[in-house]
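So our numbering is basically just the index in the sequence shown, starting at one, shifted up by 4. Worksheet for the structure shown next.
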Amino acid sequence: MKNIQLEISKECPEEYIEIIKDYWKYEGTPFDFINKPKKIRDKYTISQQDLNKIIKPYSKLTFYFHCTSCNSYEFQEVRSQSACVQKLREIKPSKFDEFRCEHCENQMKIEKLKQKEQDRKKMIARLEKAVDEQRWEELKDFEYKLLDHCISKDLAELKQFYGTKLGKDQIKRLFRGLYILEEFELLVLKTDRYSKTIRGYEVHEKLKENFKYNPRPYKNSIDEEPEIDFDQLDALKFLLPVNRTKLRPDDPRYAGRTKFPKRIIIEPNVEYSFALWERSNGSLYLTLLPTDDIYPSPRVSPL
Numbered sequence: 005m006k007n008i009q010l011e012i013s014k015e016c017p018e019e020y021i022e023i024i025k026d027y028w029k030y031e032g033t034p035f036d037f038i039n040k041p042k043k044i045r046d047k048y049t050i051s052q053q054d055l056n057k058i059i060k061p062y063s064k065l066t067f068y069f070h071c072t073s074c075n076s077y078e079f080q081e082v083r084s085q086s087a088c089v090q091k092l093r094e095i096k097p098s099k100f101d102e103f104r105c106e107h108c109e110n111q112m113k114i115e116k117l118k119q120k121e122q123d124r125k126k127m128i129a130r131l132e133k134a135v136d137e138q139r140w141e142e143l144k145d146f147e148y149k150l151l152d153h154c155i156s157k158d159l160a161e162l163k164q165f166y167g168t169k170l171g172k173d174q175i176k177r178l179f180r181g182l183y184i185l186e187e188f189e190l191l192v193l194k195t196d197r198y199s200k201t202i203r204g205y206e207v208h209e210k211l212k213e214n215f216k217y218n219p220r221p222y223k224n225s226i227d228e229e230p231e232i233d234f235d236q237l238d239a240l241k242f243l244l245p246v247n248r249t250k251l252r253p254d255d256p257r258y259a260g261r262t263k264f265p266k267r268i269i270i271e272p273n274v275e276y277s278f279a280l281w282e283r284s285n286g287s288l289y290l291t292l293l294p295t296d297d298i299y300p301s302p303r304v305s306p307l
């Protein structure tokens, strides 16, 4: 900071000059004011409103800040102590920040925008390359199905969908899957700057146009984490064996017992499709599952 000067207007009444000089008195730099407004008000027995009418119209503090980027000096002026402190906060948010003049500040913003645009172009190129290489073929079943859902759902819908499907204790698996998809460069995660919490994600249009979900044949390895068959999570399916102990005409033709390995959720106002297969031994196999989970969805005609 250079050439600090207090300027008092020529129109200033004589009785205000002493008040103005006391108000702007400082030690070291203009930001270390000796007399705060309350002290001035008490000393001269005036209100804050009257003090403002004296200081702002008839005085101002002027100075120059040195720009370390281009070695120039930028003119500044303030008309109150609070404005002076605010100006310093704007120019130097911390003592470690170097002052930049308006020209250099604008140039830096332009450079940041250019860099941001270049980074985005590189990111898009990586996403497009991942689509060209069809990297989804390398995904495990869980992430493969998750990718399909990422294309059609936002994060809030995903959390609701997977929280219901897998249970709240499995939400971590959902987020782990999202990070895996980003590693494969099939999407871009939007995370909180500080906590790194996932706030959303972005999927390239080229992926939406080229990716087509095709259910894979069931497979499981003892060395791998068990995959979840999404088309069966809220499906109701069991065998209806022939009742071979039928004694009376009104006894059921099919009867038996079944145990489900996990909770089956049947949602209200959701369209379900059903199918019935006859086995060679005369037993029946019944399936009931959400129509939207079938690829492609069946068309049911009214009877």
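Glycine is no exception: its CB is placed at the ideal position from the N, C-alpha and C atoms.
- Item | Residues near residue 89 in its chain [Cβ-Cβ closer than 8 Å; skip 5 each side] | 35
- Query: Can you give the Cα-Cα distance for residue 207 and residue 193, rounded to whole angstroms?
  - Reply: In this structure, the straight-line span from the alpha carbon of residue 207 to that of residue 193 is close to 9 Å.
*asked:* Assuming contact is defined by CB atoms lying nearer than 7 Å, are residue 243 and residue 287 in contact in what I supplied?
replied: yes
* To do: Can you give me the start and stop residues for the alpha helix (DSSP H) that residue 28 sits inside?
  => Unbroken alpha helix (DSSP H) run through residue 28: 18 to 28.
Exercise for the section: Apply the 10 Å Cβ neighbour rule to residue 63 and answer buried if 16 or more other Cβ atoms are within range, or exposed otherwise. Expected result: It counts as buried.
Kindly indicate which three-state DSSP category residue 228 falls into: helix, strand or coil?
-> For residue 228, the predicted model reports a pLDDT of 43, less than 50, meaning its position is unreliable and no value from the coordinates is stated.
*From the DSSP output, which residues share a beta bridge with residue 274?*
Paired residues: none, contrary to the question.
- Query: Between the Cα of residue 219 and the Cα atoms of 274, 86, 148, which residue gives the shortest distance?
  - Reply: Selection 274, 86, 148 evaluated against residue 219 yields 148 as nearest (Cα-Cα).
(request) Using the Cα positions of residue 103 and residue 76, report the straight-line distance between them to the nearest angstrom. (result) 11 Å
message = Quick check on the DSSP output: the beta strand (DSSP E) that includes residue 81 runs from which residue to which?
response = Residue 81 -> beta strand (DSSP E) spans 76 to 82.
Exercise. Who are residue 69's beta bridge partners in DSSP?
Worked result: 78
- Item | Integer Cβ distance of residue 45 from residue 53, believed to fall under 8 Å | That pair is no contact at about 10 Å.
Margin query: Closest to residue 263 by C-alpha separation, out of 240, 257, 246, would be which residue?
Written below: 240
Could you spell out where the alpha helix (DSSP H) holding residue 168 opens and where it closes?
Residue range 159 to 170 is occupied by the alpha helix (DSSP H) that includes residue 168.
Environment of residue 23 [buried if 16+ CB atoms lie within 10 Å]: buried
**OP:** Let me know the secondary structure DSSP gives residue 50 once reduced to three states.
**Re:** Residue 50 carries a coil assignment under DSSP once its states are collapsed to helix, strand and coil.
Contact check, residue 69 vs residue 78, beta carbons under 7 Å
Note that the C-beta distance between residue 69 and residue 78 is below 7 Å.
(request) Report the residue from 145, 171, 157, 167 whose alpha carbon sits nearest the alpha carbon of residue 184. (result) Nearest C-alpha to residue 184: 145.
Give the straight-line distance between the Cα atoms of residue 49 and residue 66, rounded to the nearest whole angstrom.
28 Å
Spatially closest choice to residue 260 from 267, 245, 274, by CA coordinates
245
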